[in-house]
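Reading the sequence shown from the start, the letters are residues 24 to 328 in this note's numbering.
Below: one structure, written as structure tokens.
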Amino acid sequence: MSWITLIIRTDAEHAEALSDALLEQGALSVEIHDAAADTQDEQMLFGEPGEPSGEIWKNAEISALFEQAADIAEVLRNVSGIMPSGEDLEYHLERIEEQDWVRLTQSQFDPIQISQRLWIVPTWHSSPDPAAINLILDPGLAFGTGSHPTTQLCLGWLDQNLSPGGKLIDYGCGSGILAIAALKLGASHVTGIDIDPQAIEASQENALRNQCDPEKFRFVTPQHTIGSNISPDHPVDVIVANILTNPLMLLAPVLAGAVRAGGDIVLSGILQEQADEVKQVYRQWFDMRTMAVQEGWVLLTGSKR
């Protein structure tokens, strides 16, 4: 069995209308992505979980999947009216053959070495170093498989700087990878917080998969943190927040209030050109510095005065 992918080059103004029309013409699935991805013209769009950015790439590509027997010529005739008069659709076709999709997906995720003693290992792989601290984690619905530079920056900081016995909050926990790493590295208790209920579920499952003590972790949405470790009445030793620049700046008073005097804040999800603005906000409470940069992403750390 095989399928046909119709790939149409368009712009932000027409992308959604074309996508809807392709679905009406029998497309099994439709995806919009950046036509300039992986080039110097790539356009970065960001949105929080459950809250898409609402933007579409200026130079967009639509990939529509059809059954092999679909009449693509007729599909093109039926959707071409969406474009301005006289403007032809720019498109090409690709054939997708039947494959072992599970094996193909798994082949894209190999173990990732964070440091001499810290690895991220998918469940279908054997650990390259059984004596290391191995975080067993599969790709899933929540952000944080260890492949993104911001996650690696935060893991590297935890590996080098986390003191055993401390309490930690992972704000924007995603898959729970940072909270789980903290427990494996000796934290006495972690609280993971995320606005996405699927992230909370994924974090709990991943923590149990990694044989973390249920008495030592808690994963909750923000509305369940009143009176808990996010409150100034229960300051913690470390807060790690790997989210995005705007939420980091908005949350600064809340995060700062939850760290004890002398404690650390670790911030990522920040592009290099945004670092000074974030540091300026947090300098009200912390002595801030740029700890590391990887592929244009910055890790900021601060010690609370």
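Just so it is clear, CB atoms sit at the ideal spot from N, CA and C, and this is done for glycine as well.
Rounded separation between residue i and residue j - CA only
i, j, result
"LEU323", "PRO220", "27 Å"
"ILE119", "ILE30", "13 Å"
"THR28", "ALA59", "19 Å"
"LEU41", "PRO258", "51 Å"
"ALA44", "ASN82", "19 Å"
"ILE159", "LEU208", "14 Å"
"LYS327", "ALA284", "5 Å"
"GLN91", "LEU116", "12 Å"
"GLN260", "PHE309", "Gln is not the amino acid found at residue 260; the sequence shown has Asp there. Each residue's alpha carbon lies about 13 Å from the other."
"ASN184", "VAL277", "23 Å"
"SER52", "HIS37", "18 Å"
"PHE240", "THR214", "6 Å"
"PRO107", "GLU78", "21 Å"
"LEU112", "ALA210", "57 Å"
"LEU267", "LEU68", "11 Å"
"ILE192", "GLU84", "39 Å"
Beta-carbon spacing of residue i, residue j below 8 Å
i, j, result
"MET314", "TRP180", "yes"
"VAL321", "ILE288", "no"
"GLU121", "SER25", "yes"
"PRO134", "HIS148", "yes"
"ASP94", "SER138", "no"
"TRP80", "ASP57", "yes"
"LYS190", "HIS171", "no"
"SER291", "ASN265", "yes"
"ILE223", "TYR194", "no"
"ALA155", "LEU141", "yes"
"PRO145", "PHE132", "yes"
Residues bridged to residue i (per DSSP)
i, result
"MET311", "GLY325"
"GLU54", "SER86"
"ASP34", "ASN82"
"LEU29", "ALA87 and LEU116"
"TRP142", "GLN136 and ASN157"
"ARG241", "THR214"
* Let me know the beta strand (DSSP E) ranges lying completely inside the segment 151-225, each 3 residues or longer, listed in chain order. => 156-159, 190-194 and 212-216
* To do: State whether the segment 194-204 contacts the segment 157-176, with contact taken as three or more CB pairs (one from each stretch) at a distance under 8 Å.
  => yes
* Contact the segment 270-281 vs the segment 295-308: 3+ CB pairs below 8 Å -> yes
* Is there contact between the segment 97-105 and the segment 45-64, where contact requires at least three CB pairs shorter than 8 Å? -> yes
* Return the chain-ordered ranges of every alpha helix (DSSP H) run that is complete within the segment 84-124 and spans a minimum of 4 residues. => 95-102
* State whether the segment 171-187 contacts the segment 229-245, with contact taken as three or more CB pairs (one from each stretch) at a distance under 8 Å. => no
* Run through the segment 259-321 for me and flag every whole alpha helix (DSSP H) of 4 or more residues, listed as ranges in chain order. => 268-273, 275-280 and 298-305
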